[in-house]
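Student: Quick note: the sequence shown uses the working numbering, first residue 94, plus one each step.
Just so it is clear, CB atoms sit at the ideal spot from N, CA and C, and this is done for glycine as well.
If you're wondering where the values come from, they're calculated on a predicted model, not measured in any experiment.
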Amino acid sequence: MNRTTTLKSHYYYDEAIFAKEVECIFKEEWLWVARSEQLSKQGDFITTDVAQFPIVLVRGKDNILRAFHNICRHRASKVELRKSGNCKQLVCPYHGWRYSLQGQLSNPPKFHGSDSFDHNDHSLYPVNIEEKYGLVFINLSSQPKSLIEWLGPFNNVVGDQYSDDFLFHNELKFDVHANWKTYVDNYQEGYHIPSVHPQLNRDVIWEEYELLNSHDCSIHSVPEKGGSDQPGSFGWHFPNFIFNIYGRGIVYQRIDPLRPKWCRVIYNLFRPPDISYDDFENNEGKYQLEVSLEDQELIPEIQHNLQTGIYTSGPLSTKYETGVAYFHDLIINKINRELNNDSNNRGDR
Ligand code: FES
Ligand SMILES: [Fe+2]
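(1) Out of SER102, ASN95, THR98 and ARG96, point me to the one whose CA is closest to ILE403's CA.
(2) Using the three-state DSSP reduction, which class does SER385 fall into: helix, strand or coil?
(3) Assuming CYS356 and ASN272 make a contact with CB atoms under 8 angstroms, what is their CB distance in whole Å?
(4) Just the Cα atoms here: how many angstroms apart are GLN197 and GLY178?
(5) Report whether the distance from the Cβ of ALA167 to the nearest heavy atom of ligand 1 is below 7 angstroms.
(6) Return the CA-CA distance between PHE247 and GLY378, expressed in angstroms with no decimal places.
(7) For TYR339, which of ILE348, PHE331, VAL297 and CYS310 has the nearest alpha-carbon?
(8) Mind listing, in chain order, the continuous beta strand (DSSP E) runs of no fewer than 3 residues lying wholly within the segment 111–188?
(9) Are there 16 or more other CB atoms within 10 angstroms of the CB of GLY328, so buried, or fewer, so exposed?
(10) Please name the residue in LEU233, HIS262 and LYS225 whose C-alpha comes closest to that of GLY245.
(11) Measure the alpha-carbon distance for SER410 versus VAL172 and round it to whole angstroms.
(12) Ligand 1 and SER170: does the residue's C-beta get closer than 7 angstroms to at least one heavy atom of that ligand?
(13) Using the Cα positions of ASN213 and PRO219, report the straight-line distance between them to the nearest angstrom.
(14) Note down the Cα distance separating HIS215 from LEU233, rounded to an integer number of angstroms.
(15) For ILE61, tell me which candidate among LYS274, PRO316 and SER311 has the shortest Cα-Cα distance.
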């Protein structure tokens, strides 16, 4: 795991590579999809698309949060079209089939199914779901490792900072004309700080930016310069989950793969309860937005150049770009491994 050159440029736009990533990565890993506070009451639901898979999340009458593929077992309509709301059952808009909040199909009246049709065999397809740090994660594979095991060393850092009484502050969302990996690459190094992020560069000693790459995560740390009140602590977990700590509170970030040449970057900011909205917004909120917009100016231009056919691959710094190298090695290993490996052996390479 010591590559010194980038992925080949076609990895950033090729349809077949993207399809392989969906199959071998996004259908296998835990993915952050929502916040717990969006689903706090019985009957609360939200719908979302995860790497092109429509999903519905709903809190049952037994208070248990569940996730299902948002696909009717009759003729494949979405069972819930709304983005969010509260419901007593899930009613398919196509022919009116009804599912309990536990995903069980009621016997559809006037259906006249064949003798072998049994509504009990047609529950919604379930999806693994777990909650942590105020967030909801799902996993589309059949027998994933637990979320806490998957988080690994990430949990030590985020667990230290996040507290259950944190308040959801706000969400930022950007559709960026770039492959999801183009965005992750940029996140995985501090080498661009002096050129791209003037304020961050005033606050941290970028030459001492360090990454600890292991267990499918990179824990970033960078010492602050004297006088700065914005110490930096950052981390990325394969494939697309990130946390940023600029001061108080925490910022979660993810990079959703939309299409080979498009991704969606989503930030959720959480603040401690004793910090007012305005105070947090004018400090950590402003800081996060500024850093993000600085990156977003460059990234679509990089994507464009990756697609020109002029550049095929480039060298990586063995000091400052170990996170990019680690990410690229993981991509190659995951998409080339045999599907349906024993999930217990994953992540230890
Ligand atoms: S597709 Fe859902 S009821 Fe027919
Ligand atoms: Fe950046």
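Tutor: Short version:
(1) SER102
(2) helix
(3) 7 angstroms
(4) 20 angstroms
(5) One point to set straight first is that residue 167 is His, not Ala, in the sequence displayed. Checking the Cβ of HIS167 against ligand 1 gives yes.
(6) 23 angstroms
(7) VAL297
(8) 124–128, 137–143, 146–152, 158–162 and 177–179
(9) buried
(10) LYS225
(11) 49 angstroms
(12) yes
(13) 14 angstroms
(14) 19 angstroms
(15) With the chain covering 94 to 442 only, the question about residue 61 has no answer from this structure.
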